[in-house]
Amino acid sequence: MKVVMIGAGYVGLVSGACFAEFGASVTCVDVVQEKIDALRDGVMPIYEPGLDLLVKKNVDAGRLGFSTDLASEVPKADIIFIAVGTPTRRGDGHADLKYVYAAAKQIGQHLNGYTVIVNKSTVPVGTASQVSRLIAEVNPEADFSVASNPEFLREGAAIGDFMRPDRVVLGIEDTRAEEVLRELYRPINLIEAPILVTNWESAELTKYAANAFLATKISFINEIANLCEAVGADVHDVAKGMGLDARIGKKFLHPGPGYGGSCFPKDTLALIRIAQENDVPSRIVESVVEVNAAQKARMVKKIRTALGDVSGKTIAILGLTFKPETDDMRDSP
């Protein structure tokens with residue numbers, strides 16, 4: 000099976016390397032020539048444990064390659080993944096989909112034979128429908144299906160998350176696309192990972208809902224931590240007592256300066272925007288964002304309280320990323 004991955008960033012490169020490990024023939028395509036040249040030389044554009052070795056293994060095996068020439072790769076593909084960035088659009092909190100739509104139009108120009116086009120990027124509800132429309136407009140005779148397959152990769156543990164997923168979510172509208180994607184993901188049948196097949200909209204919203212819920216747990220435990228300081232309780236004991244309840248679970252109950260990174264900040268804002276556009280209140284997620292912003296400011300206040308006057312003092316910060324085992328400093332608290 001021939002897979003083309005549009006975007007050789009965090010999601011695209013990890014996904015491409017893992018699909019190659021599954022046995023597919025994968026080409027990662029990116030517009031940045033320097034990035035592609037570096038990848039061909041074995042230099043990773045990001046730090047992710049084990050990624051360099053996985054890439055080298057599959058390049059050496061002839062299953063993984065890199066290119067800037069999308070026009071020549073699209074006609075060869077059975078499946079094309081769109082794994083480009085969807086940053087927060089300045090001013091309104093909405094996900095910026097210009098890279099997704101540009102990729103869709105380029106794909107449409109070069110399709111040859113039946114092809115499944117898959118949104119791997121985190122995108123708002125309605126994006127798959129729009130991608131399908133754009134491709135059909137560019138190439139009315141094209142034989143294709145569109146699917147949504149959101150990623151659930153944790154930075155620092157992405158390879159393990161991909162190879163041993165809690166679940167795979169497939170948003171599809173026809174049986175042909177389902178058959179192709181189930182075949183691509185067939186290796187995970189060995190670990191009996193569940194595959195949830197649903198419609199486009201449900202798959203797209205699942206990603207945002209999952210990230211917003213995890214962000215909610217972080218903001219909640221940070222508020223509890225602040226209360227613990229006021230009343231003399233130990234937040235770590237409180238979190239442990241909560242987490243031992245199987246209905247709650249212990250993960251994401253670690254107090255700190257707030258969440259950051261490439262996903263939670265933009266995805267919570269995007270979910271709020273989606274709700275606003277559909278006239279649905281999103282007070283919980285709005286509060287999560289507000290609490291997170293306040294927690295960052297609280298950390299500064301605590302430092303000032305501990306040091307007194309900070310003018311003229313040198314303050315060292317141990318660790319700049321938002322979590323261990325990554326070099327990603329986007330929105331790091």
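Last residue of the sequence shown? That's 332 in numbering that gives the first Met the number 0, and every number before it is there in order. Positions of the beta carbon are idealized from the N, C-alpha and C atoms, including for glycine.
Member of the options whose CA lies at the smallest distance from the CA of residue i
i    : options                : result
N57  : D165, R297, G15        : G15
L252 : C27, E203, T215, G260  : T215
A293 : G257, G307, P44        : G257
P164 : A156, V83, I171        : A156
C27  : D68, L52, I45          : D68
Q108 : T121, A315, E285, A135 : A135
Q105 : G61, V73, I158         : V73
L12  : Q32, M43, V30, N277    : M43
V83  : H93, A101, A76, S71    : A101
A81  : P280, M4, I35, E47     : Before going on, a small fix: residue 81 reads as Ile here, not Ala. Of the candidates P280, M4, I35, E47, the one whose C-alpha sits nearest the C-alpha of I81 is M4.
V122 : Y9, I283, T304, I273   : I273
K75  : N111, L52, L53         : N111
P193 : I45, K301, E178, V167  : V167
V287 : E150, K34, F212, G260  : F212
E154 : Q32, K312, P48         : P48
T85  : K119, R132, L53        : K119
S201 : S128, A245, G248       : S128
C17  : P280, A103, E150, R132 : E150
E172 : V196, D308, I217, A229 : V196
E276 : V124, Y46, V54, I35    : V124
Beta-carbon gap between residue i and residue j smaller than 9 angstroms
i    : j    : result
N221 : F263 : no
V115 : A176 : yes
K1   : A19  : no
T126 : K265 : no
L204 : I78  : no
N188 : L169 : no
F65  : L183 : no
G92  : A208 : no
D29  : G61  : no
Y113 : F143 : yes
Residue interval of the alpha helix (DSSP H) (run including residue i)
i    : result
V99  : 97-109
S201 : 199-230
F151 : Unbroken run through F151: none, as it is neither H nor E.
A16  : 9-21
I283 : 282-306
M241 : 234-242
N- and C-terminal bounds of the beta strand (DSSP E) containing residue i
i    : result
T114 : 114-118
C27  : 24-28
A146 : 143-147
D66  : The sequence as given places Ser at residue 66; Asp does not occur at that position. Note, S66: beta strand (DSSP E), 63-66.
Supposed contact pair residue j and residue i - C-beta distance, whole angstroms, cut 8 angstroms
i    : j    : result
L359 : I158 : A question about residue 359 goes unanswered here, because the residues of the chain that appear run from 0 up to 332.
L63  : V10  : 15 angstroms between Cβ atoms; not a contact.
Count Cβ pairs between the segment 219-238 and the segment 278-297 that sit closer than 8 angstroms; are there 3 or more? These segments touch.
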